[in-house]
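See structure below.
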Amino acid sequence: MKTIHIFIGFLVVALVQIFVPAQMIWEQEGVLESGTVYKFKTRPVDPTDPFRGKYITLQYEISSFTVADTSYVHGDEIKVYLENDDHGFAKVVKVSKELLDIKNDYVIAKVTGNYKEVVYFKLPFDRFYMEETKAYDAEQAYRKMNSDTLRDNVHALVYVKDGQSVLKDVIIEGIPIQEYVEK
Amino acid sequence: MSSKFNKELQTLVRDKVISPELADKIEQYYATKDVGKPNRLFAIFGVFGALLVGAGIILMLAHNWDDFSRATKTILAFVPLLIGQLIAGYAILKEKSNAWKEASGTFLFFAVGACIALISQIYNIPGELGSYLLTWIVLCLPLIYLLRSHAVTLLIIILSTYYAVEVGLWNYRSRQTPWLYFVFLLGVIPYYWMLLKRNVSSNAVTIFNWILPGSIAIALSAFVGRDGTLGFIMYITLFGLLYNIGRLLIFKELRTLRNGYLIIGSLGTVICLLIFTFKWVWDELPGTSDYGSQSWYIALILFVIAIAMVGFKIWKNGIKAINLFQVAFIGFWVVYFAFSDIGVLPVVLMNMLVLTLGISAIKIGADKFNFGILNYGLLIISVLIACRFFDTAMSFVIRGILFVLVGAGFFVTNYIMLKRQQKIKKQLKDLQV
């Protein structure tokens, strides 16, 4: 094979290597720009990913929905339709395997169990990456909060658009978690 | 040229083995031979440098700098990637030496990983480690062929193994079978084959001869389902297959230590079979295995390939070309599926199989004058006997006598072989004189 052919092949691969991360950015920016923002009540804990560093795992209060359907099994992808409750927090309207013809926004979740007419699921935006020195403090801060009555004051800010969701921030007592731990 | 070699030449001249003219000629030959050859050390250090810098960038980015804005972080993500691409592109276009290509490929490999890692951090993109590794591997696999880089190939194999184990074994929340591992392996094999064809005894081939069977043996654990027994069958069959690959004609000229297939296959077979020489292992076996499961089909496919290789060898070179290690897995299949319910029979048969393997290794070692293989055979028998000490009620006297006998066996066989070797050497010397 000639050098020029290899070089052209390399150019294609190089473009793909740029295109894939760029595409990731494009999608996320699209959601942040024109998506609807929801607040999800959450509790954070802190694990590590070997390549991407420290993050906190978020466990959401929204994790189940009562529906008498045994066809939902572990690992299924479902659409969770949302609306805001009276306090401004997200709540589930409906879950479905197919796209429904309703106006509400939806996010895609994974079924983790189906027990006594309740479907349990995991919301996709469960990782929030933090500076490595702050992740542990963030978890501690949350632990402290959990002991008093301020529990309702931790929530995740999530932008939703066409089933895509981007976790923008985690808020404790009205301020972003990074700033909260610095206090 | 190394000074050691020069000194050796001078000694030869002094001892009148070769003439001074010949020594000069030899010196000149090697001097001109080395001229066009790029420095191998340079390539190795280049790769190590790129490896460290690349890994360092990933680690630094994993800090998740809060103080930078989203835009700054995004630019930071693309800077190493673009630098890596520029250098690699330049190396291809200007037809630079291998050292360039290896080093730039290694750097680019890590730059791609760092870039997608940082993007996931910035936008908190969900997804397990497995999906991240998958994207990384797919984006870098073509570099193997474009840069013809051993280092990138090695990194891809290691990352694929990591991917398989991460997705199929470690991820307790949602285990999946990492079928894509096979696709990645198929992506690497043509490159490996090219190297094999070029020079089977090169150091690069030796590394792949070890890393490929090692990777496959580790990754297979990700394909074992919940049925552990079938896992054993899968592994014994895989080791049989690896051993048979190691005995392929293409590896014939290779020294044993350079043949990872042979050694991993042989050791794996012996260890698995040794486990099944214990009676309690057979007692604990579940009555029936799930013969519709994925583990079963994988075991069956491995078995068919291994049998085909044995069959081909017999058809080509006759039954005598086969040694017992190549067919030990068939013995296990027969015992497991035909006799596993019949009292102690499977245990007795397994013990006999391992004993015969040991004896056949001793025989191969003696025939080839290879002390390594000879003692390997003796070692198999000793371990077998040691294992029997745990689950038989022999008296201490008999156990003691057995140990003394095996120990004496080590001395005697090695001594006889040493004598025979010396005798042959002496005969050769006499012939020369």
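In the order they appear, the protein sequences are chains A and B. First residue of the first sequence: 1, per our numbering; consecutive thereafter. First residue of the second sequence: 184, per our numbering; consecutive thereafter. Cβ atoms here follow ideal geometry from the backbone N, Cα and C, with glycine treated the same way.
| Asked | Found |
| --- | --- |
| Using a Cβ-Cβ cutoff of less than 7 Å, which residues in the same chain neighbour residue 316 of chain B once the five nearest sequence positions on both sides are dropped? | 342, 345, 346, 349 |
| Would you decide whether residue 165 of chain A is buried or exposed? Buried here means 16 or more other CB atoms lie within 10 Å of its CB. | buried |
| Helix, strand or coil, according to DSSP, for residue 360 of chain B in the structure here? | coil |
| Let me know the secondary structure DSSP gives residue 389 of chain B once reduced to three states. | helix |
| Do three or more CB pairs link the segment 253-264 of chain B to the segment 187-205 of chain B at distances below 8 Å? | no |
| Might you give, ordered along the chain, the residues of its own chain that have their beta carbon closer than 6 Å to the beta carbon of residue 190 of chain B, omitting 5 neighbours on each side? | none |
| Is there a Cβ from chain B that is less than 8 Å from the Cβ of residue 20 of chain A? | yes |
| Do the CB positions of residue 427 of chain B and residue 492 of chain B come within less than 8 Å of each other? | yes |
| Identify each residue in the segment 228-257 of chain B for which the Cβ-Cβ distance to at least one residue of chain A is less than 8 Å, and report them in chain order. | 241, 244, 245, 246, 247, 248, 249, 257 |
| Thinking C-beta only, is residue 125 of chain A closer than 8 Å to residue 247 of chain B? | no |
| So, does the segment 268-279 of chain B touch the segment 202-212 of chain B, judging by three or more C-beta pairs under 8 Å? | no |
| Give me the Cβ distance between residue 81 of chain A and residue 102 of chain A, rounded to the nearest whole Å; I'm assuming they're in contact under 8 Å. | 7 Å |
| What does residue 131 of chain A reach in chain B if we use C-beta pairs closer than 7 Å? | 246, 247, 248, 249 |
| Candidates B:313, B:381, B:265, B:312: which alpha carbon is nearest residue 290 of chain B's? | B:265 |
| Quick check: the segment 490-508 of chain B against the segment 576-592 of chain B, are there 3 or more CB pairs under 8 Å? | no |
| Helix, strand or coil, according to DSSP, for residue 159 of chain A in the structure here? | strand |
| What residues in its chain sit with their C-beta under 6 Å from that of residue 225 of chain B, if we drop five residues either side in the sequence? | 282 |
| Taking only beta-carbon positions, decide if residue 347 of chain B is within less than 8 Å of chain A. | no |
| Residues of chain A with CB under 9 Å from residue 285 of chain B, in chain order? | Near residue 285 of chain B there are no residues of chain A at all, since even the closest Cβ is about 15 Å away, more than 9 Å. |
| Work out the CA separation of residue 567 of chain B and residue 109 of chain A for me, nearest whole Å. | 53 Å |
| Since residue 297 of chain B and residue 325 of chain B should fall inside the 8 Å C-beta cutoff, what is the C-beta to C-beta distance between them, to a whole number of angstroms? | Contact doesn't hold; Cβ gap of about 18 Å is too wide. |
| Per DSSP, which one or two residues make a beta bridge with residue 195 of chain B? | Paired residue(s): none; residue 195 of chain B is not in a bridge. |
| Using three-state DSSP, classify residue 466 of chain B as helix, strand or coil. | helix |
| Quickly, what does DSSP pair residue 84 of chain A with across the bridge? List them, please. | A:90 |
| So what does DSSP say about residue 54 of chain A, is it helix, strand or coil? | strand |
| Helix, strand or coil for residue 66 of chain A per DSSP? | strand |
| For residue 92 of chain A and residue 65 of chain A, which I take to be in contact (beta-carbon distance under 8 Å), what is that distance rounded to the nearest angstrom? | 5 Å |
| So who's on the other strand from residue 172 of chain A, going by DSSP bridges? | A:154, A:175 |
| Residue 162 of chain A versus chain B: which residues are under 9 Å apart at the beta carbon? | Within 9 Å Cβ-Cβ: nothing; residue 162 of chain A doesn't reach chain B, min ~16 Å. |
| Given that residue 125 of chain A touches chain B, what residues does it touch there, using C-beta distances under 8 Å? | 307, 309 |
| Hey, would you say residue 105 of chain A sits closer than 8 Å to residue 31 of chain A, going by beta carbons? | no |
| Let's see if you can read the secondary structure: which residues bound the beta strand (DSSP E) around residue 113 of chain A? | 106-115 |
| Counting only runs that start and end within the segment 248-318 of chain B, where is the alpha helix (DSSP H) found for 4 or more residues in a row? | 253-276, 281-305 |
| Which same chain residues end up closer than 8 Å to residue 417 of chain B when comparing Cβ atoms and leaving out the 5 residues on each side of it in sequence? | 403, 406, 407, 478, 481, 482, 485 |
| Which residues in the same chain have their Cβ closer than 6 Å to the Cβ of residue 444 of chain B, if we skip the five residues on either side of it in sequence? | 396, 425, 428, 429 |
| What residue does the alpha helix (DSSP H) around residue 223 of chain B start on, and which one ends it? | 223-244 |
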